[in-house]
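Trainee: FYI, UniProt numbering numbers position 58 of the sequence shown as 58, with every residue one higher than the one before it. Dropping the structure in here first, questions after.
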Amino acid sequence: MTGYTPILQNVEKHISLSEEEKVFFCSLLQQRQYHKKAYLHREGNVCSQLFFITSGCVKNYLLDAKSNEHILTIAIADWWVADYQSLVFDTPSELFIEAVDPTTVLLLSKENREALLAKIPRFERYFRILTERAFAVSQQRITDILSLPAAARYEKFLEHYHRIAGSFSQQQIASFIGVTPAFFSRMLKAKR
């Protein structure tokens with residue numbers, strides 16, 4: 001089951017699986033590779049799968065009325081990403097998911113996820129833990145945007161994403177920390 005080692009290690013941090021269960025789980029996954037700037041998911045489509053990042057990095061973002069990009073999530077290796085609102089409610093997505101670097105993912109379709117939960121109910125615990133953690137991270141990000149100055153949000157970005165920070169343009173970093181590119185540029189100049 002080479003190629004599935006990262007996801008199995010991720011799962012086994014939270015639940016244990018028999019060899020038979022591992023084989024079944026892996027049979028539900030599809031491996032895909034995306035080049036830099038390729039879309040894993042596009043606005044307007046219903047999101048029908050979850051993406052587990054085995055290598056690379058993706059950004060989850062929306063475009064406003066002026067086509068300004070607003071990055072909501074950055075997902076790196078060992079993380080799951082999807083447009084959960086679209087996935088849960090079967091509605092057209094408002095978000096794009098795009099590869100920042102060459103990226104390899106394992107796809108789990110919504111239908112296969114349901115089959116997995118029916119056959120191995122312990123996965124309910126696994127996905128609950130992931131959901132709670134994702135909610136906590138999202139809540140902290142909102143708190144940071146509302147309460148921290150831009151320079152502190154930038155420092156947090158560098159702290160959390162130090163391995164991949166170089167993959168992002170200044171415009172993308174500005175989008176993620178919630179400032180305009182012009183403000184971000186002025187902030188960096190003032191810092192020097």
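Even glycine gets a Cβ: it sits at the ideal position worked out from N, Cα and C.
Check whether the segment 126 to 135 and the segment 90 to 106 are in contact - that is, three or more C-beta pairs closer than 8 angstroms.
Mentor: No contact exists between the segment 126 to 135 and the segment 90 to 106.
Trainee: Flag residue 142 as yes when its Cβ comes closer than 6 angstroms to any non-hydrogen atom of the ligand ZN, and as no otherwise.
Mentor: With respect to the ligand ZN, the structure offers nothing, as it holds no ligand at all.
Trainee: My parser needs the alpha helix (DSSP H) runs of 4 or more residues fully inside the segment 100 to 130; what are they?
Mentor: Qualifying alpha helix (DSSP H) stretches, in chain order: 110 to 119.
Trainee: Under a Cβ-count criterion, where at least 16 other Cβ atoms within 10 Å of its own Cβ denotes burial, should residue 59 be classed as buried or exposed?
Mentor: Classification of residue 59: buried, given that the 10 Å Cβ count is 16 or more.
Trainee: Check whether the segment 70 to 80 and the segment 114 to 121 touch, using three or more Cβ-Cβ pairs below 8 angstroms as the test.
Mentor: Touching, no, given that fewer than three Cβ pairs across the two stretches are closer than 8 angstroms.
Trainee: To which residues does DSSP link residue 76 through a beta bridge?
Mentor: DSSP output for residue 76 lists 57 as bridge partner(s).
Trainee: Where are the alpha helix (DSSP H) runs, 4 residues long or more, that stay fully inside the segment 6 to 52, in chain order?
Mentor: You should have 19 to 27.
Trainee: Anyone know if the C-beta pair for residue 106 and residue 49 falls short of 7 angstroms?
Mentor: Cβ atoms of residue 106 and residue 49: not closer than 7 angstroms.
Trainee: Out of 191, 141 and 111, point me to the one whose CA is closest to residue 177's CA.
Mentor: It is 141 whose Cα lies nearest to the Cα of residue 177.
Trainee: CA-CA distance, residue 69 and residue 190?
Mentor: For residue 69 and residue 190, the distance between alpha carbons rounds to 24 angstroms.
Trainee: Between the Cα of residue 120 and the Cα atoms of 19, 53 and 2, which residue gives the shortest distance?
Mentor: Looking at the Cα atoms, 19 is the closest of the given residues.
Trainee: Is the beta carbon of residue 56 closer than 7 angstroms to that of residue 5?
Mentor: For residue 5 and residue 56, no; Cβs fall outside 7 angstroms.
Trainee: Give the range of the alpha helix (DSSP H) segment to which residue 177 is assigned.
Mentor: It spans 170 to 177 - the alpha helix (DSSP H) in which residue 177 sits, taken as one unbroken run.
Trainee: Applying the 10 Å Cβ sphere with the 16-neighbour rule, what's the burial state of residue 54?
Mentor: Buried: at least 16 other Cβ atoms inside 10 Å.
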